[in-house]
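Enquirer: Please read through the structure below; I'll follow up with questions.
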Amino acid sequence: MSLLVYIASGALALGAFVLMWRNVTKPWLARWNAYVKQISTCGYLAPPPSDKALRYLLRVARAITFLQVGKLKVLGRENLDSVPGPFMFSANHPAGADVMLIPCVLARKARYMAHETVFTAGFGLGAHLVGPGGAFVAHDSIRDNGVRARAASVKILTSGQILVLLPEGLTNYDPVMLPLKEGAVRIVKQAAVELGKPTFIVPAYIRYGKYPGRWLQRFPRALQYLLVLLLWPIYRRGAKVVIGKPISSTELSADDTVATALLRSRIEQLDPKSVN
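Using our numbering, you'd call the opening residue of the sequence shown number 1 and step up by one each time.
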């Protein structure tokens, strides 16, 4: 009799599992993967972040920044409030921690251009974490010379939203900046043309108390971030962010190389040299 009870119990448990998979888990996974695929499409812009999404992003960003970075000092925040038009926030990119540190600096709704690996990390967990907060993807693997990513960026500026773009492109784990990509100045100039009025770049420099070094670049990007996060007792030495005065599109040369050199100079001038 007891054997029949065990068999019946096992059959019921198996049936419950099948029903749960078919009616709950499988549809949930389908929605999860569909969102990851959509938000990871180069050129796709999700709806602007809601107030609720901003609060969620800031809670997560502040917690991770406190754990990974420690004390954060921000100088020149008033320059964010004095921009007389649509603007791009543009800084150096010295650490993976920038991803969560910048929302803490801005403390307002913005759209973040991010590498595809941010969205695919953790089987799509990255997409669900940053997508609602305003991130959109730039794909290295798509050989369109950045056309789709730039078009999405221009659309953000012309719609009056804040664009966050780090023109080094890659995290370099070093205070010395890599060469800047010219897409940043192209976006701002194109947005100004379409709007018929100046648009702006707000430059900033991020300085950390300790840097891992460029040896991390030999690993996949998701692993780079995970390693630094796990080694937080070593690298948790604080950070200082200095925000500069806005650069108008009218100051940018028609020559993208010259305009990019100006942007680099304005960012480097803000380097505080230490976090103290």
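All C-beta atoms, glycine included, are put in the ideal place defined by N, C-alpha and C.
Just the C-alpha distance for residue 95 and residue 242, rounded to the nearest angstrom, thanks.
Expert: Mapped onto the sequence shown, residue 95 falls at position 95. Mapped onto the sequence shown, residue 242 falls at position 242. If you take the alpha carbons of residue 95 and residue 242, they lie about 16 Å apart.
Enquirer: Can you give me the Cβ contacts of residue 36 inside the same chain, cut-off strictly under 6 Å, excluding the 5 residues immediately before and after it?
Expert: As a working note, residue 36 is residue 36 in the sequence shown. Same-chain partners within the cutoff: 124, 127.
Enquirer: Identify every residue that forms a DSSP beta bridge with residue 203.
Expert: Translated into the one-based positions of the sequence shown, residue 203 becomes position 203. In DSSP, residue 203 forms a bridge with 90.
Enquirer: Within a Cβ cutoff of 6 Å, which residues of the same chain sit near residue 191, ignoring the five residues on either side of it in sequence?
Expert: The sequence position of residue 191 within the sequence shown is 191, counting from 1. Excluding sequence neighbours, residue 191 sits near 154, 157, 158, 199.
Enquirer: Which whole-angstrom value describes the C-beta separation of residue 58 and residue 107, a residue pair presumed to lie in contact below a C-beta threshold of 8 Å?
Expert: Mapped onto the sequence shown, residue 58 falls at position 58. Mapped onto the sequence shown, residue 107 falls at position 107. About 7 Å separates the two Cβ atoms, so the contact holds.
Enquirer: Is the beta carbon of residue 252 less than 7 Å from the beta carbon of residue 197?
Expert: Position 252 of the sequence shown holds residue 252. Position 197 of the sequence shown holds residue 197. Cβ distance not < 7 Å, so residue 252 and residue 197 don't count as in contact.
Enquirer: Return the Cβ separation of residue 267 and residue 203 in integer angstroms, given the expectation that the two are a contact with Cβ distance under 8 Å.
Expert: Residue 267 sits at position 267 when you count from the first residue of the sequence shown. Residue 203 sits at position 203 when you count from the first residue of the sequence shown. Right, the Cβ-Cβ distance comes to about 5 Å (below 8 Å), so this counts as a contact.
Enquirer: What did DSSP end up calling residue 45 once you bin it into helix, strand or coil?
Expert: In the sequence shown, residue 45 corresponds to position 45, counting from 1. Of the three classes helix, strand and coil, the one that applies to residue 45 here is coil, per DSSP.
Enquirer: Quick one: using the 10 Å Cβ neighbour count with 16 as the cut-off for buried, is residue 280 buried or exposed?
Expert: The structure shown does not extend to residue 280, since the chain spans only 1 to 276, so no value can be given for it.
Enquirer: Which whole runs of the beta strand (DSSP E) in the segment 92-168 are 3 residues long or more, in chain order?
Expert: As far as the segment 92-168 is concerned, its whole beta strand (DSSP E) runs of at least 3 residues are 111-115, 135-138.
Enquirer: Out of curiosity, what's the CA-to-CA distance linking residue 120 and residue 45?
Expert: Position 120 of the sequence shown, counted from the first residue, corresponds to residue 120. Position 45 of the sequence shown, counted from the first residue, corresponds to residue 45. Looking at the two C-alpha atoms, the distance is approximately 16 Å.
Enquirer: Classify residue 255 as buried or exposed, calling it buried when 16 or more other Cβ atoms lie within 10 Å of its own Cβ.
Expert: Numbered from its first residue, the sequence shown carries residue 255 at position 255. By the neighbour-count rule (16 or more Cβ atoms within 10 Å), residue 255 is not buried but exposed.
Enquirer: Taking DSSP as the reference, what is the three-state secondary structure of residue 75?
Expert: One-based indexing of the sequence shown puts residue 75 at position 75. Three-state result, residue 75: strand.
Enquirer: Does the beta-carbon of residue 235 have 16 or more other beta-carbons within 10 angstroms, so that it is buried, or is it exposed?
Expert: Counting from 1 along the sequence shown, the entry for residue 235 is found at position 235. Counting Cβ neighbours within 10 Å, residue 235 comes out buried, since at least 16 surround it.
Enquirer: For residue 82, which of helix, strand or coil comes out of DSSP?
Expert: Here residue 82 corresponds to residue number 82 of the sequence shown, with the count starting at 1. Coil at residue 82, not helix or strand.
Enquirer: Where do the ends of the beta strand (DSSP E) carrying residue 239 lie?
Expert: Counting from 1 along the sequence shown, the entry for residue 239 is found at position 239. Element bounds for residue 239: 239-243.
Enquirer: Give the DSSP-derived three-state secondary structure of residue 208 in the structure shown.
Expert: Residue 208 sits at position 208 when you count from the first residue of the sequence shown. DSSP places residue 208 in strand when its eight states are reduced to three.
Enquirer: What residue range is occupied by the uninterrupted alpha helix (DSSP H) comprising residue 275?
Expert: Translated into positions along the sequence shown, residue 275 becomes position 275. No alpha helix (DSSP H) holds residue 275; DSSP gives it neither H nor E.
Enquirer: How is the alpha helix (DSSP H) around residue 177 delimited, first residue to last?
Expert: Numbered from its first residue, the sequence shown carries residue 177 at position 177. Premise fails: residue 177 is in no alpha helix (DSSP H) and is neither H nor E.
Enquirer: Counting only the same chain and skipping the five closest in sequence on each side, list residues whose C-beta sits under 6 Å from that of residue 100.
Expert: Sequence index remark: in the sequence shown, residue 100 carries index 100 (1-based). The answer, listed in chain order, is 61, 64, 65.
Enquirer: Within its chain, find whatever has a CB closer than 6 Å to the CB of residue 195; leave out the 5 residues flanking it on each side and keep chain order.
Expert: Position 195 of the sequence shown, counted from the first residue, corresponds to residue 195. Closer than 6 Å at the Cβ level, and outside the excluded window around residue 195, lie 158.
Enquirer: For residue 209, I'd like the list of residues in its chain whose CB is within less than 6 Å of its CB, leaving aside the five on either flank, ordered along the chain.
Expert: Taking the sequence shown and counting its residues from 1, one reaches residue 209 at position 209. Result list for residue 209: 237, 238, 275, in chain order.
Enquirer: Let me know the secondary structure DSSP gives residue 248 once reduced to three states.
Expert: Here residue 248 refers to the residue found at position 248 when the sequence shown is read from its first residue. Three-state result, residue 248: strand.
Enquirer: Measuring alpha carbon to alpha carbon, tell me which of 263, 105, 150 ends up nearest residue 183.
Expert: Along the sequence shown, read from residue 1 onward, the residue named residue 183 stands at position 183. Of the candidates 263, 105, 150, the one whose C-alpha sits nearest the C-alpha of residue 183 is 150.
Enquirer: Just checking my contact of residue 165 with residue 90 at CB under 8 Å: how many whole Å lie between their CB atoms?
Expert: The residue you call residue 165 lines up with position 165 of the sequence shown. The residue you call residue 90 lines up with position 90 of the sequence shown. Yes, residue 165 and residue 90 are in contact; Cβ-Cβ is about 6 Å, under 8 Å.
Enquirer: Considering only the alpha carbon of each residue, which of 144, 116, 147 lies closest to residue 135?
Expert: Here residue 135 is taken as the residue at index 135 of the sequence shown, counted from 1. For the residues 144, 116, 147, the minimum Cα distance to residue 135 belongs to 116.
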